[in-house]
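Colleague:
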Amino acid sequence: MSTAELDPTLEPTVGDQIVHGMEHEEEDHRMFGFIVFLLSESVIFLSFFVGYIVYKTSVADWLPAGVEGLEVREPFINTVVLVSSSFVIYFAERFLHKENLWGFRAFWLLTMAMGSFFLYGQAVEWMGLPFGFTSGVFGGAFYLLTGLHGLHVLAGVLLQGIMLGRSFIPNNYQGGEYGVAATSLFWHFVDVIWIMLFILIYVWQ
Amino acid sequence: MSNASLEVAPQNLQPQPGAPDNWRRFFSFSTDHKVIGIQYIVTAFIFFLFGGLLAMVMRGELITPDADLVDRTVYNGLFTMHGTIMLFMWTFPMLNGLANYLVPLMIGARDMAFPRLNAAAFWLVPVFGVILTLSFFIPGGPSQSGWWAYPPVSLQNPTGNLINGQSLWLLAVALSGVSSIMGAVNIVTTIFRMRAPGMGWFKMPAFCWTVLSAQLIQLVGLPALTAGAVMLLLDLTVGTSFFEPSRGGDPILYQHFFWFYSHPAVYVIILPIFGIFSEIFPVYARKPLFGYRVVAVSSLIITGLSLIVWVHHMFASGTPGWMRMLFMITTMAISVPTGIKVFAWVATVWGGKLRLTSAMLFGLGGLSTFLFAGITGIMLASAPFDIHVNNTYFVVGHFHYVINGAVVLGFYAAIYHWFPKMTGRMLYEGLGKLHFFLTFVGINLIFLPMHPLGLLGMPRRVASYDPEFAFWNVIASLGGFLLGVSTLPFILNVLSSWTQGEKAGDNPWRAIGLEWLVSSPPPHENFDEIPVVVSPPYGYGSDEPLIENNAKELASEYS
Amino acid sequence: MQRRTIAGLAALALADLGLSLWMGQQAYRWMPPQASAESVLVDNLFSFMTTLGSFIFFGVMGTLLYAIAFQQAAKYDASDGPPIEGNVKLEVVWTAIPILLVIWIGTVSYQTYDHMSILGTITPKAMGTAVESSTASGSSPINVYARQWAWEFHYPDQNIRSTELHLPVNQRAQLLLLSEDVLHGFFVPAFRVKQDVVPGREIAFEFTPIREGRYRLRDSEYSGTYFAANQTNVVVESADDYQQWLSAVAAIPATPAQNVAYDEFNSDRNSTGLAWETVKPAPAPMVNYASSEDDSHE
Chain A
24 MSTAELDPTL
34 EPTVGDQIVH
44 GMEHEEEDHR
54 MFGFIVFLLS
64 ESVIFLSFFV
74 GYIVYKTSVA
84 DWLPAGVEGL
94 EVREPFINTV
104 VLVSSSFVIY
114 FAERFLHKEN
124 LWGFRAFWLL
134 TMAMGSFFLY
144 GQAVEWMGLP
154 FGFTSGVFGG
164 AFYLLTGLHG
174 LHVLAGVLLQ
184 GIMLGRSFIP
194 NNYQGGEYGV
204 AATSLFWHFV
214 DVIWIMLFIL
224 IYVWQ
Chain B
278 MSNASLEVAP
288 QNLQPQPGAP
298 DNWRRFFSFS
308 TDHKVIGIQY
318 IVTAFIFFLF
328 GGLLAMVMRG
338 ELITPDADLV
348 DRTVYNGLFT
358 MHGTIMLFMW
368 TFPMLNGLAN
378 YLVPLMIGAR
388 DMAFPRLNAA
398 AFWLVPVFGV
408 ILTLSFFIPG
418 GPSQSGWWAY
428 PPVSLQNPTG
438 NLINGQSLWL
448 LAVALSGVSS
458 IMGAVNIVTT
468 IFRMRAPGMG
478 WFKMPAFCWT
488 VLSAQLIQLV
498 GLPALTAGAV
508 MLLLDLTVGT
518 SFFEPSRGGD
528 PILYQHFFWF
538 YSHPAVYVII
548 LPIFGIFSEI
558 FPVYARKPLF
568 GYRVVAVSSL
578 IITGLSLIVW
588 VHHMFASGTP
598 GWMRMLFMIT
608 TMAISVPTGI
618 KVFAWVATVW
628 GGKLRLTSAM
638 LFGLGGLSTF
648 LFAGITGIML
658 ASAPFDIHVN
668 NTYFVVGHFH
678 YVINGAVVLG
688 FYAAIYHWFP
698 KMTGRMLYEG
708 LGKLHFFLTF
718 VGINLIFLPM
728 HPLGLLGMPR
738 RVASYDPEFA
748 FWNVIASLGG
758 FLLGVSTLPF
768 ILNVLSSWTQ
778 GEKAGDNPWR
788 AIGLEWLVSS
798 PPPHENFDEI
808 PVVVSPPYGY
818 GSDEPLIENN
828 AKELASEYS
Chain C
311 MQRRTIAGLA
321 ALALADLGLS
331 LWMGQQAYRW
341 MPPQASAESV
351 LVDNLFSFMT
361 TLGSFIFFGV
371 MGTLLYAIAF
381 QQAAKYDASD
391 GPPIEGNVKL
401 EVVWTAIPIL
411 LVIWIGTVSY
421 QTYDHMSILG
431 TITPKAMGTA
441 VESSTASGSS
451 PINVYARQWA
461 WEFHYPDQNI
471 RSTELHLPVN
481 QRAQLLLLSE
491 DVLHGFFVPA
501 FRVKQDVVPG
511 REIAFEFTPI
521 REGRYRLRDS
531 EYSGTYFAAN
541 QTNVVVESAD
551 DYQQWLSAVA
561 AIPATPAQNV
571 AYDEFNSDRN
581 STGLAWETVK
591 PAPAPMVNYA
601 SSEDDSHE
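In order, the protein sequences belong to chains A, B and C.
In terms of this note's numbering, the first sequence is residues 24 to 228.
In terms of this note's numbering, the second sequence is residues 278 to 836.
In terms of this note's numbering, the third sequence is residues 311 to 608.
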């Protein structure tokens, strides 16, 4: 919604009203900008997905010598945890919207725990794999994709930590919750990317 | 928002003509889009001169058939860095500078949506500029694999060092991508959300349409380049084998990643220049932009089509026949929305009352070189013909007609047109006309001979060539030296006018546009009150006012 | 529009057409000699595109120059021009005509490419493995080895190696393009053919020489330091001369071939002046017959 549609005679002009109006405008700007950024970020992952597909369908020796395939059970558990955490973070946002700060913090912390569990699971899987980053095209593509995604999960958990900290500042979330909304949107983004990744790497073997 | 009680910054923070202490603003982390715009433009122009200097040495080498001026490795570094600097340090930052300066003013906003992000995006530019410059001085020299950095050549790393010209190059390009994405998010948000009341999409100037279209391409295309660059960097430094054929990698896949961005990138470059032409011709012909709505929408059509033509850079590569034919068709299609714009400009100029000021001359010159390049472009789109001239000087001639033809001429047109607005001073017309003639002659002398050279089979990127190519190369080199010299009247003009030029009023060209309603230079927050737009742009010859006058009455009611 | 205007425009269009057709004829002179069947097709296509392109260029530039010459504002006339915002009929015409022209050029191009039919199969090849293949006619294709920075041609049936490519006139030449290291480009301007040589792939490539002579083969895909020096000659000769060459060369023992890159590398590395590290050239090809840079080419 642009200012073009606002009736200029109805604009608030002084004091609190203008501050609130401007804040709301700025929040909308920032959310819009963040969504634009996420759309661009998704193209990086899409590019790597395309690369993965091209390699898998054209390279002669796809899997490194001695490797039969990837274990799916643990990554599947990780997937369930990560996807569920999207619901958990959604509930946290609902609590915040109803101004229930402790409800918000509890579910927010739970999201962070689930995200961390995912990262831990990823690290455990990596350490147990019989191939490395430089083991042919498969090794490179696998670690690149899961590594980039893992970095995004880590960033998400860190952002959540910052938002959690800020929730202890008095009155911080009175006027608006842009930071929380953006972090939450980022988390859903990370989730969707993971689902695509999981299907591409673990299901399509 | 449109409120007289908003705090206005003290007057000494804006660039007042003549005041000696205001120059510091341009070296600071200012969040004012007008300062940032000028920072981008000046920084970019300095790198333009540096990249041009490299080209002068190249033309010096090529004036004789043998590789007798510099070592072959040096020549290869020269052409690589010439291309890299001209694209990443000159063209993209310069266009961001123009967009930064003009878009908020043209849409009636006080600044960009994210002023601090804006400043951060700018300050990355000197950083990666320094990295690229430093790469000349490290062991092994700068990257020597061409601005495309195709593997396996780009992976060969003769010094064996971890920090080498190629890895610095990749780092610089990655930072450039980050800066560009930051800018794109900012500009797209600004245009979508901060247009003045009354400025619907079809009341927005064509320049803003083209900038929006260009930045949308950046958002979708740049990440693909980043992906390819990351994989190349990993191959180079860590030992992965994405593109290394001896270990199962695929060098052609790199080409796809690279061109998926780098083709649309050329539209990122030309679209704002189209926008400049669309702004210039109406003013100096005193006529509306012909077919404004269609011209506006054609920008978005070009954006869409630009994403599906990239394989035309790979017609002679390891691509199968069906792929070549498919992309030949899409590439030819993109000439249609582009042609519409060219015809629209000619129709704008036709029947008008022309004033051949420097800005107009540069605009017309840019239009002519673009017309020529567009025609050779359609030829290149034809795959069987391209197979003959791909990687020859024919291609080099074609794209230089666009980029040091239309783009540079368009840039100069923009400066001659908006310099008074930016600085409050007029540029000297006489020097401007001299600048135009030297530049236009120079461009044609250096780049026209490249077409027969390519047709006869002279490859590009060569430090030496067979003697039968000498004749056209001598002419091209002389043209190149002339082109180098042609920048001097411009530099002289800008430097002297900025401090001593005749003072400019708000609207020295009697142009129609929101930026011409404010003082030259504009006040810190651009508009005392945000204007309310009531008519479409380019209302020459009609009596419609651009904005509503009762905005003033409203403000006084509430103050 | 007035009849006079229509007549005037028609005359200008005719003049434009005449000039463009002339340009189309000139286009043949800008090209190298037509040494292959493909070159005739490509030159015709180029001439056609030059004619069309000239027509557009002169038409648009003519209009623009006329406006610049005769439609400048009078010195003290500060008024605006007519407020013409568009003309739907005109805009439809100048959208439709380019669409038709593009379809025309595209169709002619497609037919030309199809007719040329120079690109064969591209198959993956593990680097370092031996090459085995045969052509439809039963004889082996000539193996073209591209290296940093010399060309080597291997005739498997006669088991001879040469750095100069010999081909019989009026017979379909069949090649197999192989790179030992980086990307290269197989480019013979006189034949109007070009194909990148991709490491890790075998690319089947073919064309038909129609004119005897010696022509230049140049590396067209940037391949490193001595890229510009990676050139050699192609000799097209009568079938008899070709057979004679094959038998004569088979008797010559293999020796390293003169190689511009190799020579420069070994002589320049001690020179003063700025130079950076370079990849070492591949060892000089061991061939039965070497091309000579002293031979003239067309």
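Glycine included, every Cβ here is placed at the ideal spot set by N, Cα and C.
Remember, predicted model here, so these are calculated numbers, not experimental data.
Roughly how many whole angstroms lie between the Cα atoms of I216(A) and V673(B)?
Modeller: The straight-line gap from Cα to Cα measures roughly 41 Å.
Colleague: Strictly below 9 Å CB to CB, what residues from chain A border V465(B)?
Modeller: By Cβ distance, chain A contributes F55, G56, V59.
Colleague: Which same chain residues, not among the five before or five after L527(C), have their C-beta less than 6 Å away from its C-beta?
Modeller: If we look at L527(C) and ignore the five residues flanking it on each side, its Cβ neighbours are V498, T542, V544.
Colleague: Using the Cβ count rule (16 or more neighbours within 10 Å means buried), how would you classify H665(B)?
Modeller: The residue is buried, with at least 16 neighbouring Cβ atoms inside 10 Å.
Colleague: Could one say the Cβ of V77(A) lies closer than 7 Å to chain B's Cβ atoms, at least one of them?
Modeller: For V77(A), the answer is yes, since a Cβ of chain B falls inside 7 Å of its Cβ.
Colleague: Under 7 Å, do L119(A) and F212(A) count as touching if we go by C-beta distance?
Modeller: No, these two residues do not count as a Cβ contact at 7 Å.
Colleague: May I have the straight-line CA-CA distance separating T565(C) from V559(C), to the nearest angstrom?
Modeller: Computed Cα separation, rounded: 12 Å.
Colleague: Run the CB neighbour count on A83(A), radius 10 Å, all protein chains shown included, and call it buried at 16 or more, exposed below.
Modeller: That one is exposed.
Colleague: Could you tell me which residues DSSP puts in a beta bridge with Y465(C)?
Modeller: For Y465(C), which the question treats as bridged, DSSP gives the partners I470(C).
Colleague: If you measure from the beta carbon of Q433(B) to each beta carbon in chain C, is any gap under 7 Å?
Modeller: Closer than 7 Å: yes.
Colleague: Between the segment 577-606 of chain C and chain B, which residues of the former have a C-beta closer than 9 Å to a C-beta of the latter?
Modeller: If the cut-off is 9 Å between Cβ atoms, the segment 577-606 of chain C has D578, S581, G583, L584, A585, W586, E587, T588, V589, K590 near chain B.
Colleague: Please go through the same chain and pick out, in chain order, the residues whose beta-carbon is closer than 6 Å to the beta-carbon of F446(B), but skip the five residues on each side of it.
Modeller: A small fix is needed here, since residue 446(B) is Trp in this sequence, not Phe. Same-chain partners within the cutoff: S420.
Colleague: Closer than 8 Å, Cβ to Cβ, to anything on chain B: give me those residues from the segment 538-555 of chain C, in chain order.
Modeller: Flagged, chain order: A538, A539, Q541.
Colleague: Does the distance from the C-beta atom of A600(C) to that of A567(C) stay below 7 Å?
Modeller: Cβ atoms of A600(C) and A567(C): closer than 7 Å.
Colleague: Kindly say whether L584(B), judged by its beta-carbon, lies nearer than 7 Å to any beta-carbon of chain C.
Modeller: No, L584(B) does not count as interfacial toward chain C.
Colleague: Using a Cβ cut-off of 7 Å, which residues of the segment 353-384 of chain C contact any Cβ in chain B, in chain order?
Modeller: Hits within the stretch, in order: L355, F356, M359, G363, I366, F367, V370, M371, T373, L374, A377, I378, Q381, Q382, A383.
Colleague: Kindly give me the distance between the Cβ atoms of A501(B) and S70(A), rounded to whole angstroms, as I take these residues to be in contact under 8 Å.
Modeller: 5 Å between Cβ atoms; contact.
Colleague: What residues from chain B crowd round Q344(C), counting only those whose CB sits closer than 8 Å?
Modeller: Going along chain B, no residue has its Cβ under 8 Å from Q344(C), so there is no contact; the nearest lies around 12 Å.
Colleague: Could you tell me which of D783(B), A483(B), T308(B), L760(B) sits nearest to S797(B), measuring between CA atoms?
Modeller: Answer by Cα proximity: D783(B).
Colleague: How many Å lie between P808(B) and V404(B) at the Cα?
Modeller: When rounded, the distance between both Cα atoms is 38 Å.
Colleague: At which residues does the beta strand (DSSP E) containing P509(C) begin and terminate?
Modeller: That residue, P509(C), is in no beta strand (DSSP E); it is neither H nor E in DSSP.
Colleague: Which value, in whole angstroms, describes the spacing of the CA atoms of P416(B) and S577(C)?
Modeller: When rounded, the distance between both Cα atoms is 21 Å.
Colleague: Can you name the residues of chain B whose CB is closer than 8 Å to the CB of Y420(C)?
Modeller: Under the 8 Å cutoff, chain B gives M602, M605.
Colleague: Can you have a look at V739(B) and say buried or exposed, based on whether 16 or more other CB atoms are within 10 angstroms of its CB?
Modeller: Classification of V739(B): buried, given that the 10 Å Cβ count is 16 or more.
Colleague: Near V679(B), what residues of its chain come up, given a Cβ to Cβ distance below 6 Å and the 5 sequence neighbours on each side ignored?
Modeller: Answer for V679(B): A650, listed in chain order.
Colleague: Using Cβ-Cβ distances below 8 Å, what residues of the segment 521-536 of chain C are close to chain B?
Modeller: Within the segment 521-536 of chain C, the qualifying residues are R526, R528, D529, S530, E531, Y532, S533, G534, T535, Y536.
Colleague: Just reading off the beta strand (DSSP E) that Q344(C) is part of, what are its end residues?
Modeller: No beta strand (DSSP E) contains Q344(C), which DSSP labels as neither H nor E.
Colleague: So does the segment 65-81 of chain A actually touch the segment 98-114 of chain A, counting three or more Cβ pairs closer than 8 Å?
Modeller: Because the criterion of three Cβ pairs below 8 Å is not met, the segment 65-81 of chain A and the segment 98-114 of chain A do not touch.
Colleague: Looking only at its chain, what residues have a beta carbon closer than 6 Å to the beta carbon of H461(B), apart from the 5 residues adjacent to it on each side?
Modeller: For the sequence presented, residue 461(B) should be read as Ala rather than His. Result list for A461(B): Q492, Q495, L496, in chain order.
Colleague: Closest to L452(B) by C-alpha separation, out of I529(B), R632(B), F369(B), F519(B), would be which residue?
Modeller: Nearest of I529(B), R632(B), F369(B), F519(B) to L452(B), Cα basis: F369(B).
Colleague: Using a Cβ-Cβ distance cut-off of 7 Å, determine whether I468(B) contacts chain A.
Modeller: Closer than 7 Å: no.
Colleague: Roughly how many angstroms separate the alpha carbons of A426(B) and T503(B), rounded to a whole number?
Modeller: Going by the C-alpha atoms only, they are around 13 Å apart.
Colleague: Counting beta carbon pairs with one atom in the segment 518-535 of chain C and one in the segment 345-352 of chain C, are three or more of them shorter than 8 Å?
Modeller: Contact holds: three or more Cβ-Cβ distances are below 8 Å.
Colleague: How about S539(B): is its C-beta nearer than 7 Å to some C-beta of chain A?
Modeller: So, not an interface residue.
Colleague: Tell me the DSSP secondary structure of G430(C) in three-state form.
Modeller: Looking at G430(C) - three-state DSSP - the assignment turns out to be strand.
Colleague: Quick one: is D343(B) near chain C, going by C-beta distance under 7 Å?
Modeller: No, no contact with chain C.
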